[in-house]
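Down below is the structure, laid out as structure tokens.
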Amino acid sequence: MRFSEDRIEKLTCSDGIKRDIHVWEHKEPKAIFLTLHGLMDHGGNYMNPGIYMKAKGYALVAHDQHGHDMKRLAHVPRFDVFLDDLELMLAWVKEHYPGVPIFMMGNSMGGLILTHFGIRVYKEDPLVKGFILSAPGYKNSLKTSKFLIAMARLLSKIAPEKAVPVEDLRPHVTRDEAEYKRMREDERDGIQATKMSARMGAEFLKAQDWVPEHIGEWKYPLLAIIPGDDKVINSAVTRELLSRIDEGLLTELLYPENYHESFNEVNREEVFAAILKWCEPRIK
């Protein structure tokens, strides 16, 4: 398979559409990572952690999220469809891996979704042992003009699927040239989005605006992976917001030279090993 999966399953999402679940799994997994990709991304981009975790005795699953399933234009009717589908995905994992411990993990927008989910939706489940956020999308590094923000919000109401200007961020996600090339090939082949709708942009900004007032309500074990040279998400703001969480719940790992996607960076195996070091005591 293109992303070295063991198989592709299907998730019936909240809109009734069946979307791909990319599965990498050890035959008897010690735990399973339920993962969420970022904005204008896809589940196959979890290939590197999927292969690594499988080799270490784990399973990893990543579904193509709403508006990101083989579409060049990323679009959702509202941000909360991500939360609706995540509830369905968690139920799918528990059905297909009964009794297996679960870690919920999100990168970038996936981390933003998990933050909303953990505070607004999630009800404590003994099978879920912790949450892992990598470069959670709380505040953009790139400055967006007030005019563009206002335009996106207006178009969101009158022409929600209209594409809005988006800067090419791919050069800023990894220092690994092979990974960068792979992502460009995914764009070329229509697997990875290259445009974003006005509604998607407006809903993303609204979801970001919600975080500062509510992140202190977080109450579950949390591992945060922070790339120090992130030109996509503002790491300084991320760290300040995370500092509002009970320090007994938070473990923070800083990788000063990493670009935005630590899971696809040149030192990714160091990152994966650190994740397992945090996870393993929680499943014994």
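Per this note's numbering, the very first residue in the sequence shown carries number 45; after that it's consecutive.
Every residue gets a Cβ at the ideal spot worked out from N, C-alpha and C, and that includes glycine.
Counting along the chain, where does the alpha helix (DSSP H) carrying residue i start and finish?
i	result
F316	R312 to C323
R98	It should be pointed out that residue 98 corresponds to Lys in this sequence rather than to Arg. Start and end: M91 to A99.
D128	D124 to H140
K62	Element bounds for K62: not the alpha helix (DSSP H) but the beta strand (DSSP E), K62 to E69.
H160	M153 to H160
Does the distance from the CB of residue i to the CB of residue j come in under 9 Å?
i	j	result
I176	D113	no
Y303	G174	no
C323	A99	no
R46	D108	no
D59	V125	yes
M148	L78	yes
S178	A268	yes
V276	D220	no
L158	L80	yes
V208	M195	yes
I327	L297	no
When the Cα atoms are used, what is the spatial distance from residue i to residue j?
i	j	result
K167	D233	39 Å
L293	G111	33 Å
P142	G82	27 Å
P256	L285	6 Å
A318	K201	44 Å
L156	K71	31 Å
I235	I289	36 Å
K183	D273	14 Å
H160	R226	30 Å
P121	D50	32 Å
G94	K321	16 Å
A203	F123	17 Å
A103	K190	43 Å
D169	E231	37 Å
G245	T238	13 Å
S185	N278	4 Å
State buried or exposed for residue i, treating a residue as buried only when at least 16 other CB atoms are found within 10 Å of its CB.
i	result
S287	exposed
D253	exposed
S241	buried
H258	exposed
E247	buried
E69	buried
N92	buried
D212	exposed
E313	exposed
What are the boundary residues of the beta strand (DSSP E) that residue i is part of?
i	result
H258	Per DSSP, H258 belongs to no beta strand (DSSP E); it is in the alpha helix (DSSP H), A242 to H258.
K173	V172 to S178
F77	I76 to L80
Y224	Segment E221 to R232 is the alpha helix (DSSP H) holding Y224; no beta strand (DSSP E) there.
F191	Not the beta strand (DSSP E): F191 falls in the alpha helix (DSSP H), residues K190 to I202.
L104	A103 to H107
I52	R51 to T56
Check: What alpha helix (DSSP H) runs, 4 residues minimum, are completely inside the stretch 270 to 295?
Finding: 279 to 286
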